[in-house]
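Report on the following structure.
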Amino acid sequence: MPPFRSDVRATVEAYLSRYAEERPVLEGLLAVLDESEEPFSRATLPGHVTCSAVVIDRDRRVLHIAHRATGLLLCPGGHVEREDRTLLAGALREVAEEAGIAPGALCLTPQLLDAPIDIDVHDIPADAAKGEPAHQHYDFRHVFCLAEEEPPVLTLQEEEVSGAQWIPLPEITSPTLRAKLLRAGVDGRPEPVNASAVIHDGHGRYLLHLRDANKPDIWEPGCWSFLGGGREQQDRTLLDTVRRELREEAELTVAGLEPYVIEWVTGMDGTRVPVQVFSGRWNGEPARLPLTEGVMVAWVRPEKFPYMTMLSSTRELLQRHAAEHPPAAVVATVASAGTIPAGSPPGTVLNMVGVHLYPERDGQVLLGLRHPESAFAASTWHLLAGHCEAESATACLVREAYEEADLVIDPADLELVHTVHMVNRPGAQPRVNLVFRTRAWDGMPKLKEPDKCVAWQWWSTKDLPEPIVPYARTAIEGIKAGRAYSELGWGR
């Protein structure tokens, strides 16, 4: 559907706040926006809204095309169509149709972003063949620069376009457009206007942000990404931008943020977007952050990246960072060899902590069938589970529930209902298995890690399947009986 009149009116008012002297010239446009239900329709007279694309290359030349109908050299542009969600989208469609330049070959300029640089009012003569009387076009001109150094090969729309030229900026025939481009200092070179942060704890974990899947009008809904956002007027630098975004999105302060790399992504309008990515360390608890956007933030290790929904560029950037920043050696030694930290009381042994989800629904519990080639409990039913890393038990379970089954759970809805303290065999590392019940979650169980789990199924707690992991059965039967604790494998 075409843009809302109210959005276009807001765009015009923002434009007039910069060019107040043009208000008398745009009175006709304001009247159309106030009085017409379809300000973009060709039938709306005495004038209607159009849009055009001002494309600048690295040599500060502007693309012009020769229209067959008029013989004039103009920037690509035309009428707004039904499928254009915004005026910017209309300008991008026109340059793709008339010159063959796809949105992905273009970037918004840091000086203007998605705001029009000019609103031109020009007269259109009568066309008897089309049955159109003389009227006016209110043309919104949006500026783009090329994402690559070299201009792309043009594919002209032959029925309407007879040729194309790249005209040096000082030679543009439109005096208003030429003056505004020169005043804005647009040089055709893309620059980052967005900033985000790779936040890690120095021990191999990365803080990632799950974006809301139920908001299709946001960038990359339902994906894991970095915290961050776009530069605003009060930001002096992109470092100011990323610090402000971290505060606004999660009341998070990360000391020592440093520029890391430029990430190229695709914006909602299809254009290329360079993002300045910063890197910094933090060692807090994500579940305690007062998140204002998205679904959750969580610590994630690199081995999980291939199974998570995220941009390929984000995944590659994370994997690169992980390769460049291996975990601290002492942490790796403790994790792999089970070394007891110095200063521990005599006789101390490490206990592995496992967290388990007991989703309860009408007397049923959700169980997963483990993969036939799984190193643990192959082809056996088990609770949704994971191992605690350097995180709280509830934060771990929230993360595992989403990573394994696409279930979104609020930590406040988790209730510890049973603990199983066990050893599998004499001398083995002890395990503390925490089982949390929840009666509230968002989403339907999905197989997000098919190499680990091949099916999710609801089972009556009175008729559990076989085979089932023994301590899972012990926990479920303990919950039914109202017991909070069980032991397995310990000699008496």
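Here the sequence shown stands for residues 0 to 491, where the numbers follow numbering that gives the first Met the number 0.
Note that beta-carbon positions come from the ideal geometry of N, C-alpha and C, so glycine has one too.
With respect to the beta strand (DSSP E) encompassing residue i, which residues constitute its N-terminal and C-terminal limits?
i      : result
Ile166 : Val160 to Pro167
Gly77  : Gly76 to His78
Pro174 : It is not in any beta strand (DSSP E) - Pro174 instead sits in the alpha helix (DSSP H) that spans Pro174 to Ala183.
Gly495 : This structure does not reach residue 495, given that the chain is present from 0 up to 491, and the question cannot be answered.
Gly293 : Neither: Gly293 is in no beta strand (DSSP E) and is coded neither H nor E.
Asp412 : Segment: none, Asp412 is in no beta strand (DSSP E) and carries neither H nor E.
Ala454 : Cys452 to Ser459
Asp126 : Neither: Asp126 is in no beta strand (DSSP E) and is coded neither H nor E.
Leu487 : Tyr484 to Leu487
Glu302 : Unbroken run through Glu302: none, as it is neither H nor E.
Gly203 : Careful: Gly203 lies outside any beta strand (DSSP E) and carries neither H nor E.
Ile55  : Gly46 to Ile55
In whole angstroms, what separates the C-alpha of residue i from that of residue j?
i      : j      : result
Ser195 : Phe277 : 6 Å
Asp122 : Pro215 : 39 Å
Pro464 : Leu349 : 32 Å
Lys461 : Leu383 : 19 Å
Glu486 : Val419 : 5 Å
Tyr357 : Ala471 : 10 Å
Glu157 : Arg287 : 60 Å
Ile475 : Ala454 : 19 Å
Val431 : His417 : 11 Å
Glu36  : Pro45  : 14 Å
Gln318 : Arg230 : 26 Å
Trp223 : Met307 : 7 Å
Gly27  : Asp138 : 12 Å
Trp298 : Tyr205 : 5 Å
Leu181 : Ile100 : 24 Å
Thr63  : Cys452 : The sequence given here has His at residue 63, not Thr. For His63 and Cys452, the distance between alpha carbons rounds to 57 Å.
Gly477 : His320 : 44 Å
Ala394 : Trp440 : 15 Å
Gly269 : Leu107 : 11 Å
Leu105 : Glu390 : 42 Å
Pro301 : Ser459 : 36 Å
Leu316 : Phe225 : 11 Å
Glu448 : Leu365 : 16 Å
Pro189 : Ala322 : 29 Å
Asp33  : Val7   : 11 Å
Lys179 : Asp117 : 8 Å
Thr437 : Glu359 : 6 Å
Arg17  : His386 : 57 Å
His86  : Ala42  : The sequence shown places Leu at residue 86, rather than the His named in the question. So the two alpha carbons sit approximately 18 Å from each other.
Val11  : Glu20  : 13 Å
Gln232 : Gly362 : 55 Å
Arg57  : Cys144 : 8 Å
Val329 : Pro273 : Any reading at Val329 must be qualified, since the residue scores a pLDDT of 37, below 50, and its modelled position is unreliable; the value itself is stated next. Between Val329 and Pro273, the C-alpha separation is close to 37 Å.
Asp186 : Glu147 : 14 Å
Helix, strand or coil for residue i per DSSP?
i      : result
Asp268 : coil
Val7   : helix
Ser40  : coil
Ala297 : strand
Pro2   : coil
Cys222 : coil
Arg436 : strand
Leu446 : coil
Ser16  : helix
Leu366 : strand
Leu111 : coil
Arg287 : helix
Thr69  : coil
Pro258 : strand
Asp239 : helix
Arg360 : strand
Glu96  : helix
Glu248 : helix
Pro102 : helix
Between which two residues does the alpha helix (DSSP H) harbouring residue i extend?
i      : result
His136 : Where His136 is concerned, there is no enclosing alpha helix (DSSP H), although the beta strand (DSSP E) it sits in stretches over His134 to Leu145.
Ile475 : Pro469 to Ala480
Gln318 : Ser311 to Glu323
Ala404 : Ala392 to Ala404
Gly27  : Glu26 to Glu34
Roughly how far, in whole angstroms, is the beta-carbon of residue i from the beta-carbon of residue j, given that I think they are within contact range, below 8 Å?
i      : j      : result
Phe435 : Leu413 : 4 Å
Ser51  : Pro23  : The pair is not a contact, with the Cβ atoms about 22 Å apart (cut-off 8 Å).
Arg210 : Gly293 : 5 Å
Gly70  : Glu80  : Actually they are not in contact, since the Cβ atoms of Gly70 and Glu80 sit about 25 Å apart, beyond 8 Å.
Gly221 : Asn193 : Not a contact, Cβ separation roughly 19 Å.
Val354 : Ala404 : That belief does not hold up - the Cβ atoms of Val354 and Ala404 are roughly 14 Å apart, past 8 Å.
Pro410 : Val397 : 6 Å
Checklist entry - Per the contact definition of three or more C-beta pairs closer than 8 Å, is the region 232-246 in contact with the region 307-315? => result Contact annotation: the region 307-315 does not touch the region 232-246, with fewer than three C-beta pairs closer than 8 Å.
Checklist entry - Are three or more beta carbon pairs between the region 263-270 and the region 160-174 nearer than 8 Å? => result No, the region 263-270 is not in contact with the region 160-174.
Item to check | Any 3 or more C-beta pairs closer than 8 Å across the region 245-262 and the region 153-167 | outcome: The region 245-262 makes no contact with the region 153-167, as fewer than three CB pairs between them are under 8 Å.
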